[in-house]
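The next block holds one structure in the form of structure tokens; read it before the comments.
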């Protein structure tokens with residue numbers, strides 16, 4: 001069971017839950033209802049964040065190796081200041097002229113291939129992916145959508161129906177088809193483009209025209225698959241041959257996390273038709289966007305309009321511009337590449353001492369680590385759950401992912417340093433030793 | 437033509453457009469593409485806001501009588517400070533325990549009927565309405581949605597398909613039916629509940645089970661209809677009798693704007709099944725929510741989870757709590773009621789002197805004013821457009837709405853005072869005199 005899917009009620013951790021936190025959990029159940037979930041067997045009551053550190057209500061520090069929203073570090077002063085200054089000056093929308101949203105759009109476009117010419121702003125990655133599907137349907141005339149088997153693309157009706165990782169309780173849309181993620185363990189990587197072709201054929205056989213292949217370019221919820229490079233190029237060819245578009249969901253891998261480039265698709269030597277982005281874009285401020293080929297919105301723009309009240313507002317633009325500034329001036333993409341590379345190598349070395357650790361995968365500071373049964377080498381989700389919760393007790397925050405929940409998902413803020421990595425490795429080593 | 441639907445390109449205003457603004461418009465077309473629209477024939481380049489005032493790049497002041505996002509006044513220091521302080525402390529999500537989101541949920545529920553027991557957080561009103569439909573489909577097993585003929589409920593795929601005000605360029609969903617808004621001019625107010633019954637029957641005849649009647653409780657984009665009170669109670673009975681739910685879309689009327697209560701539905705003496713809210717909730721910070729009867733999410737919560745990365749984050753909660761504080765401590769609901777009442781009476785008096793002004797409608801500080809042909813008394817959208825643009829030249833901001841675009845939409849921040857109203861009346865009088 002992944003921690004994502006833990007019930008709201010918690011099981012006993014190794015230390016008792018403070019009464020104060022039990023009271024918060026009761027209030028939460030009463031006020032927010034049963035669809036909300038908490039991380040960890042013993043939920044974490046956070047009150048403060050700074051850089052890679054989060055602090056609970058008792059002042060205990062946790063090394064954050066999970067949250068990719070606070071990607072340039074929790075409460076980065078430059079972003080906080082930009083938000084505070086703009087919020088005190090003007091917070092209004094895109095039906096008035098304002099330089100901020102234009103500066104931001106141009107800065108984002110400068111990081112992208114020349115074919116990508118427009119940016120449209122939303123507040124969440126869900127809204128960006130929803131807009132991508134909406135425009136893909138308009139541009140292609142099709143409605144068929146292809147995603148990977150444990151994909152997550154968001155929570156609106158349309159994208160929840162294209163997010164099999166939400167589980168059996170959320171029905172896939174009738175025009176959605178799934179294909180295996182490129183897991184080298186199953187050989188699906190070699191068959192990835194062929195699977196796209198087969199899904200297109202299946203859609204057409206059911207009278208559904210393919211509109212889009214939507215892919216998280218590091219396959220975050222499928223288990224983190226960064227290899228083989230180049231894999232996405234023939235997949236894009238396949239969907240285009242069937243009349244559909246390639247939508248790169250960069251909500252998780254984007255903004256330098258994969259180290260070698262700003263965007264995950266760049267590692268695959270291809271140019272998407274649309275690129276959605278979100279989570280780390282405002283370092284906590286709700287801002288997201290869809291970048292796309294201009295021809296794909298020409299018809300829609302001629303007969304309809306797009307307006308998102310908060311999307312691209314002056315404060316959102318200020319937050320996102322500050323994030324881009326920090327990524328550049330602090331060299332965070334380069335940091336993700338350098339620290340991430342050494343970190344992954346060290347994790348791989350550690351895996352040789354712990355037979356319950358299987359493959360270590362990823363790019364930059366987006367890392368997946370399989371927990372397996374040492375004998376059968378089968379996925380071991382129960383052990384992954386124990387490791388995640390034991391690390392939380394040891395003051396280190398990660399989660400688990402993948403269809404079987406056996407992949408440790410390690411995705412720290414991009415300011416993560418070699419010494420942070422050393423601390424992480426020390427704690428993980430101890431936790432693995434205690435949970436052989 | 438409503439200003440909402442004005443083309444990106446602008447027509448000549450009465451004073452030439454500054455070169456600087458023409459350059460911004462060119463950058464905007466290039467970077468954001470053709471689906472974005474600007475308000476006014478001569479777009480406004482805003483750089484600063486304070487209270488009811490907005491300032492352009494030349495330092496010229498505009499009385500804002502339109503923006504309901506900055507509902508407690510542009511850049512209200514208490515909200516700005518709450519956002520800045522929390523953003524500097526912790527900006528993280530609802531999978532950790534945090535008091536802010538619980539304080540907010542409890543404060544919101546305290547403003548609602550007892551039957552409404554849970555609040556779920558999103559970032560935008562679109563997401564809140566999308567979630568409402570998603571949960572309505574889950575709870576009822578139906579998929580049929582009934583909305584008014586010029587309703588606007590948002591921009592996701594699902595709610596754009598239930599927003600006929602987006603125009604013919606955006607297709608309605610096949611399971612969507614429209615009913616006339618309760619316009620006393622057409623007599624549709626007396627037939628409102630009967631129209632719901634007929635729409636349910638039409639859905640059932642097509643094999644579609646009704647899931648929801650979704651209604652903006654002041655019919656903002658249909659032309660602003662606040663009367664007759666009590667109208668929504670039999671409509672809710674009608675949809676419930678057909679197995680569906682009543683969703684009150686409070687994104688525009690909510691948070692005290694209608695004067696007599698926090699929520700627009702209260703004027704109708706009824707209790708909705710779900711209540712969506714957004715725009716003014718964070719005074720510019722992107723925060724929105726769906727409140728609902730607990731039984732409506734019990735089944736969904738048992739088999740699935742809901743998580744919105746930015747929805748209900750610690751900063752969003754701080755912003756929304758500060759807004760509630762300001763509404764209470766500054767008595768803004770009472771202000772909307774008192775100033776709004778006097779303002780509407782004065783507008784009605786003014787209408788007697790200007791034959792092109794028809795009915796004045798509304799509640800609190802949400803006002804609609806018909807522009808008509810003095811002879812035929814037919815809707816006159818062209819004149820409404822001239823008034824909107826002339827007022828902008830005169831330093832007063834409003835827009836136009838309604839299916840024919842002939843209704844002046846007057847919706848100032850709730851801090852609007854009697855002297856602001858006097859200024860507005862003075863400028864409107866002059867503009868009407870110049871455009872007889």
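Chains as they are written, first to last, in our numbering: chain A, 1 to 436; chain B, 437 to 872.
Glycine included, each C-beta is placed from N, C-alpha and C at the ideal position.
Q) For residue 355 of chain A and chain B, any beta-carbon pair shorter than 9 Å? A) no
(Q) Please state the DSSP three-state secondary structure of residue 684 of chain B. (A) strand
Q) Is any beta-carbon of chain A found at less than 9 Å from that of residue 739 of chain B? A) yes
Q) So, are the CB atoms of residue 746 of chain B and residue 156 of chain A less than 9 Å apart? A) no
Q: Measuring only between beta-carbons, confirm whether residue 13 of chain A sits less than 9 Å from chain B.
A: Bear in mind that a pLDDT of 48 at residue 13 of chain A, under 50, signals an unreliable position, so the model cannot answer this.
Q. Hey, quick one: how far does the alpha helix (DSSP H) through residue 417 of chain A stretch, first residue to last?
A. Segment: none, residue 417 of chain A is in no alpha helix (DSSP H) and carries neither H nor E.
Q) Does any residue of chain A bring its CB to less than 9 Å from the CB of residue 746 of chain B? A) yes
Q: Compute the Euclidean distance between the alpha carbons of residue 756 of chain B and residue 846 of chain B, then round it to the nearest angstrom.
A: 24 Å
Q | Contacts that residue 393 of chain A makes with chain B (C-beta to C-beta distance below 9 Å) | A | None at all; the shortest Cβ gap to chain B is about 15 Å.
Q: Decide if residue 429 of chain B is buried, meaning its Cβ has at least 16 other Cβ atoms within 10 Å, or exposed.
A: Look at the range of chain B in this structure, 437 to 872, and you will see that residue 429 of chain B is not part of it.
Q.
Counting only Cβ-Cβ distances shorter than 9 Å, please list the residues of the region 602 to 623 of chain B near chain A, keeping chain order.
A. 602, 603, 604, 605, 606
Q: Count the other CB atoms, across all protein chains shown, that sit within 10 Å of the CB of residue 376 of chain A; report buried if there are 16 or more and exposed otherwise.
A: exposed
Q: Starting from residue 366 of chain A, follow the beta strand (DSSP E) in both directions and report where the run begins and ends.
A: 366 to 371
Q) Do the CB positions of residue 583 of chain B and residue 843 of chain B come within less than 9 Å of each other? A) no
Q: Answer with buried or exposed for residue 447 of chain B, where buried requires no fewer than 16 other C-beta atoms within 10 angstroms of its C-beta.
A: For residue 447 of chain B, the predicted structure reports a pLDDT of 42, less than 50, and the residue's modelled location is therefore unreliable. The matter cannot be settled from this model.
Q) From residue 609 of chain B to residue 638 of chain B, what distance separates their C-alpha atoms? A) 15 Å
Q: Mind checking which residues open and close the beta strand (DSSP E) that includes residue 518 of chain A?
A: The first residue shown for chain A is 1 and the last is 436, placing residue 518 of chain A beyond what the model contains.
Q.
Using a Cβ-Cβ cutoff of less than 8 Å, which residues in the same chain neighbour residue 857 of chain B once the five nearest sequence positions on both sides are dropped?
A. 775, 778, 779, 782
Q: Evaluate residue 494 of chain B with the Cβ neighbour count: other Cβ atoms within 10 Å of its Cβ, from every protein chain shown; 16 or more gives buried, anything less gives exposed.
A: exposed
**Q.** Residue interval of the alpha helix (DSSP H) (run including residue 557 of chain B)
**A.** Unbroken run through residue 557 of chain B is the beta strand (DSSP E), 554 to 558; no alpha helix (DSSP H).
Q) Hey, is residue 744 of chain B close to the ligand FMN, as in C-beta under 8 Å from one of its heavy atoms? A) Absence of the ligand FMN is noted for the structure shown, with no ligands found whatsoever.
Q. Of the choices B/669, B/694, B/612, whose alpha-carbon is the least far from that of residue 578 of chain B?
A. B/612
Q. So, does the CB of residue 592 of chain B fall closer than 9 Å to a CB anywhere in chain A?
A. yes
Q.
Under 9 Å, Cβ to Cβ, is there at least one residue of chain A near residue 477 of chain B?
A. no
Q. Name the chain A residues that come within less than 8 Å of residue 730 of chain B, Cβ to Cβ?
A. 33
Q | Distance between residue 542 of chain B and residue 696 of chain B (C-alpha atoms, nearest Å) | A | 21 Å
(Q) Please give the ranges of any alpha helix (DSSP H) in the region 188 to 218 of chain A, keeping only runs that are unbroken, at least 4 residues long and fully inside the region. (A) 192 to 205
**Q.** Under 8 Å from the C-beta of residue 200 of chain A: neighbouring residues of chain B
**A.** What residue 200 of chain A touches in chain B: nothing, since even the nearest Cβ is about 21 Å away.
(Q) According to DSSP, simplified to helix, strand and coil, what is residue 165 of chain A? (A) helix
Q | Simplified DSSP state of residue 9 of chain A, which is helix, strand or coil | A | Because residue 9 of chain A sits at a pLDDT of 35, beneath the cut-off of 50, its placement in the model cannot be relied upon, and the following sentence gives the value as read from the coordinates. Residue 9 of chain A falls in the coil class under three-state DSSP.
Q.
Could you tell me the alpha carbon to alpha carbon distance between residue 545 of chain B and residue 519 of chain B, rounded to whole angstroms?
A. 22 Å
Q. Which residues of chain A have a Cβ atom closer than 8 Å to the Cβ of residue 556 of chain B, listed in chain order?
A. 32, 33, 35, 36
Q | Contact under 9 Å by Cβ, residue 369 of chain A with residue 388 of chain A | A | no
Q: Work out the CA separation of residue 24 of chain A and residue 391 of chain A for me, nearest whole Å.
A: 23 Å
Q | Neighbour-count burial assignment, residue 433 of chain A, 16 or more Cβ in a 10 Å radius | A | exposed
Q. If residue 585 of chain B and residue 616 of chain B are in contact, beta carbons under 8 Å, what's the gap, nearest whole angstrom?
A. 6 Å
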